[in-house]
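**Q**
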Amino acid sequence: MGRGTRVAGWVSFAVLALVASLVERARSHGDQPLARIAVHETVFALDGRASVKASPSVLGATGQNTEWVSLEYSFLNASNDDWIGVFSPANFSASTCSPENPHVLPPVLCSAPIKYQYANYSSPAYISTGKGSLKLQLINQRSDFSFALFSGGILNPKLVAVSNTVAFANPKAPVYPRLAQGKEWNEMTVTWTSGYGIAEAEPFVEWGPQGGGKMRSPAGTLTFDRSSMCGAPARTVGWRDPGYIHTSFLKELWPNSVYYYQLGHKLLNGSYIWSQQSHFRASPYPGQNSLQRVVIFGDMGKDEADGSNEYNNFQRGSLNTTYQLVKDLKNIDVVFHIGDICYANGYISQWDQFTAQVEPVSSSVPYMIASGNHERDWPGTGSFYGNTDSGGECGVLAETMFYVPTENRAKFWYSTDYGMFRFCIADTEHDWREGTEQYKFIEHCLASVDRQKQPWLIFLAHRVLGYSSADFYAVEGSFEEPMGRESLQKLWQKYKVDIAIYGHVHNYERTCPIYQNICTNEEKNYYKGTLNGTIHIVAGGGGASLAEFTTLQTKWSLFKDYDYGFVKLTAFDHSNLLFEYKKSSDGKVYDSFRISRDYRDILACTVGSCPSMTLAS
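Residue 1645 is where the sequence shown ends in this note's numbering, and the numbering goes up by one at each step.
1. If N1348 and S1613 are in contact, beta carbons under 8 angstroms, what's the gap, nearest whole angstrom?
2. At 4 residues or longer, and completely inside the region 1498-1559: list those alpha helix (DSSP H) runs for me, N to C.
3. Thinking E1230 and K1294 are a contact (beta carbons under 8 angstroms), I'd like their distance in whole angstroms, please.
4. Is the beta carbon of G1531 sitting closer than 8 angstroms to the one on G1326?
5. Beta-carbon within less than 6 angstroms of F1577's beta-carbon, same chain only, minus the 5 sequence neighbours each way: which residues are those?
6. What's the C-alpha gap between H1458 and E1508?
7. From the DSSP output, in three-state form, read off R1254 for me.
8. For V1067, I'd like the list of residues in its chain whose CB is within less than 6 angstroms of its CB, leaving aside the five on either flank, ordered along the chain.
9. Would you check if the distance between the CB atom of S1690 and the CB atom of L1606 is smaller than 8 angstroms?
10. Less than 8 angstroms between the C-beta atoms of A1438 and I1397, yes or no?
11. Between the beta-carbon of F1232 and the beta-carbon of S1276, is there less than 8 angstroms?
12. Per the contact definition of three or more C-beta pairs closer than 8 angstroms, is the region 1074-1086 in contact with the region 1175-1184?
13. Go through its chain and collect everything with a Cβ distance to I1155's Cβ below 7 angstroms, but skip five positions before and after it.
14. For the putative contact between L1099 and L1187, defined by C-beta atoms under 8 angstroms, what is the C-beta separation to the nearest angstrom?
15. Going straight from the alpha carbon of G1512 to that of R1461, what length do you get?
16. State the DSSP-derived secondary structure class of C1422, mapped to helix, strand or coil.
17. How far does the alpha helix (DSSP H) with T1090 in it extend, from its first residue to its last?
18. Quick one: what does DSSP say P1061 is sitting in, helix, strand or coil?
19. Looking at A1208: is its Cβ nearer than 8 angstroms to the Cβ of Y1395?
20. Find out if the Cβ-Cβ distance for the pair S1603, S1637 is shorter than 8 angstroms.
21. Can you check the region 1567-1636 for any alpha helix (DSSP H) of at least 4 residues that lies completely inside it and give the ranges in chain order?
22. Are the region 1253-1267 and the region 1195-1215 touching, with three or more C-beta to C-beta distances below 8 angstroms?
23. Would you kindly work out how many angstroms separate the C-alpha atoms of R1053 and S1306, rounded to a whole number?
24. Helix or strand or just coil, what does DSSP make of A1310?
25. Counting Cβ pairs, one atom from each stretch, are 3 or more of them under 8 angstroms apart for the region 1280-1288 and the region 1194-1201?
26. Measure the alpha-carbon distance for P1510 versus F1412 and round it to whole angstroms.
27. DSSP three-state call for C1473: helix, strand or coil?
28. Looking only at C-alpha atoms, which of D1110, V1363, G1329 sits nearest to Q1145?
29. Taking a contact to mean a Cβ-Cβ separation below 8 angstroms, would you say P1456 touches L1485 in this structure?
30. Evaluate the contact criterion for the region 1367-1377 versus the region 1289-1303: three or more CB pairs, one atom per stretch, below 8 angstroms.
31. Can you list, in chain order, the residues of its chain with a C-beta nearer than 6 angstroms to that of S1150? Leave out the 5 residues immediately preceding and following it.
32. Between V1203, P1152, P1185, which has its C-alpha nearest P1388's C-alpha?
33. Quick one: give me the first and last residue of the alpha helix (DSSP H) that Y1431 is part of.
34. What are the boundary residues of the beta strand (DSSP E) that P1152 is part of?
35. Measuring CA to CA, which of K1556, E1095, A1644 is closest to Q1385?
36. Compute the Euclidean distance between the alpha carbons of Q1060 and M1243, then round it to the nearest angstrom.
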């Protein structure tokens, strides 16, 4: 081999290594904090000189489902890597571990904590005094809690002390309602979680219009067990009983009317268990000319208000995004969270944490989700990508914890209408290319909308099937998910999709109206008349760790922001739409554009969208 050949080979290898590194970084988006704990390496080292005390022992005495617990702890051999783990159920001893081999003792610890924090987090003098205190926020998760003090760090955990048990007054209470649009425009679904199985209580929703009579609608009940999981950690250390997930269908709603509702369970003895009361506004009639406001983002994840699980700043923007939505809730009609929902990655307890975090939003407006790689992907399970990003969940949690109006929840594509909007939601974890079942769905969704009544046609997906300047896409040379737009761009053009919005890349970016890599409109902020192409948006900065942009500059990229944020669409009427990008840090607008047009502009011919014509008269 000559010197030139050797150099070329070395450069080629370096490029391939860089590509692999960047793609893997894009795929993992950092480690799940709970995955850092070497659970199976835990050893018993109970020390009489160590103690943990938790108070109060009874939580939620007045019906609340979130409460702060105070911990006081001491350990004479204190070190900076000591940590507190929160366990639920409280009994996490070897008796809860099933031995795989009868001749080998099971591990001391076989389930991960639901959260953890270092013992010196709020006690800087812990290392010198051996005493510390900590405040942790707990949510009602259908079981009791205990707090364990470990030495040895998270890689060699040694259990030195366990606290008293604390529990909510009613651990089984119905909690965390999630609204979603049904299959009909005048239907709202309510999904919630409880500890009551169908042999123990009948679930229902009591609801009615503001100031009117109440009615009751029954709820269906679903659950799943460890065998439904496809691999570790969901099937091993990440497993936690999910309880029961109930969904009720509230039908024949009057458009725009406000309804109040309450979750209920009728016990076998005839008594009732109730949730707190919530309310929502029913959807407008499809095509109705009124103010309609939609928020869209991806990749939010969850975070902890008490600072726990923040070992590697996994999702530090999540709480800010949630806070901004709650703050502006009166000006939001529906929310779309387009994949990578909570990054549980196989740690089942985190889905409860997420539904509790978004409850102020999801209990008041429809919270529609899409499937992402961290919900679905697992080798050998039919996902388009053979990676392990779901942590063994293989779609089961997303498909069960939230309702979406799909024909088959295992195929997570669907359409939904909201007033003047038609939304076509793709599932990027299944093949979308021409000739597939999903491709046929996408075309039908785009083709079947009446643009005179619903002029605003929006395409949503998790992975970037359009355009992105993410560094890992640029290194691949695609500026998109590989094979992303090759099949779909002719559909977007033919059916004149206004805006396509994606997650997956954790930043914000906006393109010009574009078709086949060429900008079809020179305007940047105020579009009048025909767009002649589709505007592509990356809105993956909901909360998870941010993704870098390439340094390469493209003509089609109009605005980039390396920060957390979300987008908002406001339809004023059939002719005027406002798009806004807001930062999660302050809720202010940092990018925007308007579209102003008439119905004839939608009908107008553009490249790739004209029907056949004849010169005959």
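Think of the CB as a built atom: it goes at the ideal place given N, C-alpha and C, for glycine as much as any other residue.
What you are looking at is a predicted structure, and each value in this text was computed from that prediction instead of being measured.
**A** Taking the structure as given:
1. Contact holds; Cβ gap of about 6 angstroms.
2. Within the region 1498-1559, the runs of alpha helix (DSSP H) that reach at least 4 residues and sit entirely inside it are, in chain order, 1499-1504, 1513-1522.
3. In this structure E1230 touches K1294 by the C-beta definition: roughly 4 angstroms separates them, less than 8 angstroms.
4. Here G1531 is near G1326, since their CB atoms are less than 8 angstroms apart.
5. Excluding five sequence positions before and after F1577, the CB atoms of its chain that fall closer than 6 angstroms to its own CB belong to S1497, K1588, given in chain order.
6. Cα to Cα, H1458 sits roughly 16 angstroms from E1508.
7. If DSSP states are grouped into helix, strand and coil, R1254 belongs with the helices.
8. Within the same chain, V1067 has close Cβ partners L1137, A1140, V1265.
9. The first residue shown for the chain is 1029 and the last is 1645, placing residue 1690 beyond what the model contains.
10. Result no, Cβ atoms of A1438 and I1397 do not sit closer than 8 angstroms.
11. Yes; because the gap between Cβ atoms is below 8 angstroms, this pair is in contact.
12. Between the region 1175-1184 and the region 1074-1086, the count of C-beta pairs closer than 8 angstroms reaches three or more; the two stretches touch.
13. Apart from sequence neighbours up to five positions away, the residues of its chain that approach I1155 with a beta-carbon distance below 7 angstroms are A1106, S1107, N1108, N1148, ordered along the chain.
14. Actually they do not touch by this definition, with Cβ atoms about 16 angstroms apart.
15. Answer to the nearest angstrom: the Cα atoms are 8 angstroms apart.
16. Judged by DSSP in its simplified three-state form, C1422 adopts coil rather than helix or strand.
17. Here T1090 belongs to no alpha helix (DSSP H), and DSSP marks it neither H nor E.
18. Three-state DSSP puts P1061 in a helix.
19. Closer than 8 angstroms, so yes.
20. Result no, Cβ atoms of S1603 and S1637 do not sit closer than 8 angstroms.
21. Taking only runs of at least 4 residues, the alpha helix (DSSP H) segments lying wholly in the region 1567-1636 are 1627-1631.
22. No, they do not touch.
23. Bear in mind that a pLDDT of 40 at R1053, under 50, signals an unreliable position, so the number given afterwards is only what the model happens to contain. Distance between the alpha carbons of R1053 and S1306: 41 angstroms.
24. The three-state reading of DSSP puts A1310 in coil, since its state is none of H, G, I, E or B.
25. Counting Cβ pairs under 8 angstroms, fewer than three are found: no touch.
26. Separation of P1510 and F1412 (C-alpha to C-alpha, rounded to the nearest whole angstrom) is 12 angstroms.
27. Under the three-state reduction of DSSP, C1473 is assigned to helix.
28. When only C-alpha atoms are compared, the closest one is D1110.
29. The amino acid occupying residue 1456 in the given sequence is Thr; Pro does not appear at that position. No; because the gap between Cβ atoms is not below 8 angstroms, this pair is not in contact.
30. Contact between the region 1367-1377 and the region 1289-1303 is absent, because fewer than three Cβ pairs lie under 8 angstroms.
31. Closer than 6 angstroms at Cβ, skipping near neighbours: L1162.
32. Cα-wise, what sits closest to P1388 is V1203.
33. For Y1431, there is no enclosing alpha helix (DSSP H), as DSSP gives it neither H nor E.
34. For P1152, there is no enclosing beta strand (DSSP E), as DSSP marks it with neither H nor E.
35. Comparing Cα-Cα distances from Q1385 to each of K1556, E1095, A1644, the minimum goes to E1095.
36. Approximately 43 angstroms between the Cα atoms of the pair.
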